[in-house]
Amino acid sequence: MTSPSADEDETWQSLHRQLSRIAVRRLPAGLRGRADDLVQELFVWAFAEHPGKTPAELAALLTAHLRYRVIDEVNRVKAEPRLLEPGEALPDRSDDELRYDEQLNEAQREWLALHFHTLPHRERSVLELTVQQKLTGPEVASLLGLSRENVYQIKSRTIKRLERLDPPALDAGDRDEP
Numbered sequence: 775m776t777s778p779s780a781d782e783d784e785t786w787q788s789l790h791r792q793l794s795r796i797a798v799r800r801l802p803a804g805l806r807g808r809a810d811d812l813v814q815e816l817f818v819w820a821f822a823e824h825p826g827k828t829p830a831e832l833a834a835l836l837t838a839h840l841r842y843r844v845i846d847e848v849n850r851v852k853a854e855p856r857l858l859e860p861g862e863a864l865p866d867r868s869d870d871e872l873r874y875d876e877q878l879n880e881a882q883r884e885w886l887a888l889h890f891h892t893l894p895h896r897e898r899s900v901l902e903l904t905v906q907q908k909l910t911g912p913e914v915a916s917l918l919g920l921s922r923e924n925v926y927q928i929k930s931r932t933i934k935r936l937e938r939l940d941p942p943a944l945d946a947g948d949r950d951e952p
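Per the working numbering, the sequence shown starts with residue 775, numbered consecutively.
Structure (structure tokens):
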């Protein structure tokens, strides 16, 4: 394998800086120190899986994979138990999110699992992060590079799409009418 030219080396470094900036923007404040590690792991993977490719050929792929790595890292850290610092409050969740979680019974969860994979990728991502991973709208927006409003629109559209598929009904009296 030949060594990269000075121009190509600068292009790789530029791509690395660009991906690091994206990672820093997407990671919650407490995880931003992991940005360079995530990008480095991504480059190791890319060089192993796609040898001989140029930065231009890999830029879009690396950017997409970085988003998934960031989501995986956030999910990994959220799954780890941790003690609250003195004076630290439990994270708030909106009343709507809490009410929605309470309304899902076992039949609905099974039905949702069956139909989840029929959804478009972005809708699956938003639904997975908000319902299954218990992330807030702003956290999902940050991870996916969307506005908060867009996350709420996607979530609403997804729920409406699933409702049109005739899900099991909520128990009588549990549904909040608009």
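We put the CB at the ideal spot given by N, CA and C, even for glycine.
Neighbourhood of residue 793 by C-beta distance below 8 Å, restricted to the same chain and skipping five residues each side: 813, 816, 836, 837, 840
How many angstroms separate the CA atom of residue 780 from the CA atom of residue 795? So the alpha carbons of these two residues sit roughly 23 Å apart.
Residue 899 by DSSP, collapsed to three states: which one? helix
For the alpha helix (DSSP H) that contains residue 916, what are its first and last residues? 911-918
Which same chain residues, not among the five before or five after residue 824, have their C-beta less than 7 Å away from its C-beta? 832
Nearest-angstrom beta carbon gap, residue 932 and residue 886 [assumed within contact, 8 Å]: At roughly 11 Å, the Cβ-Cβ gap does not stay under 8 Å, so residue 886 and residue 932 are not in contact.
Between residue 798 and residue 806, is the Cβ-Cβ spacing less than 8 Å? yes
4 or more residues per run - each alpha helix (DSSP H) lying fully within the region 802-847: Look at the region 802-847 and you find these whole runs of alpha helix (DSSP H), each 4 residues long or longer: 809-823.
Comparing the CB of residue 811 with every heavy atom of the ligand ATP, is any distance shorter than 7 Å? No copy of the ligand ATP occurs in the structure displayed, which carries no ligand at all.
Looking only at its own chain, which residues have a Cβ that is under 7 Å from the Cβ of residue 927, when we skip the five neighbours before and after it? none
By DSSP, does residue 939 sit in helix, in strand, or in coil? coil
In angstroms, rounded to a whole number, what distance separates the CA positions of residue 915 and residue 925? 6 Å
Between the beta-carbon of residue 910 and the beta-carbon of residue 929, is there less than 8 Å? no
Within a Cβ cutoff of 6 Å, which residues of the same chain sit near residue 912, ignoring the five residues on either side of it in sequence? 922
Just reading off the alpha helix (DSSP H) that residue 784 is part of, what are its end residues? 780-800
Answer yes or no: do residue 901 and residue 848 have a C-beta to C-beta separation smaller than 8 Å? no
Which residues in the same chain have their Cβ closer than 8 Å to the Cβ of residue 844, if we skip the five residues on either side of it in sequence? Correct list, in chain order: 797, 800, 801, 812, 917.
Considering only C-alpha positions, which residue in the set 808, 820, 896, 889 is nearest to residue 939? 889
Tell me which same chain residues have a C-beta within less than 8 Å of the C-beta of residue 896, skipping the five on either side of it? 918, 928
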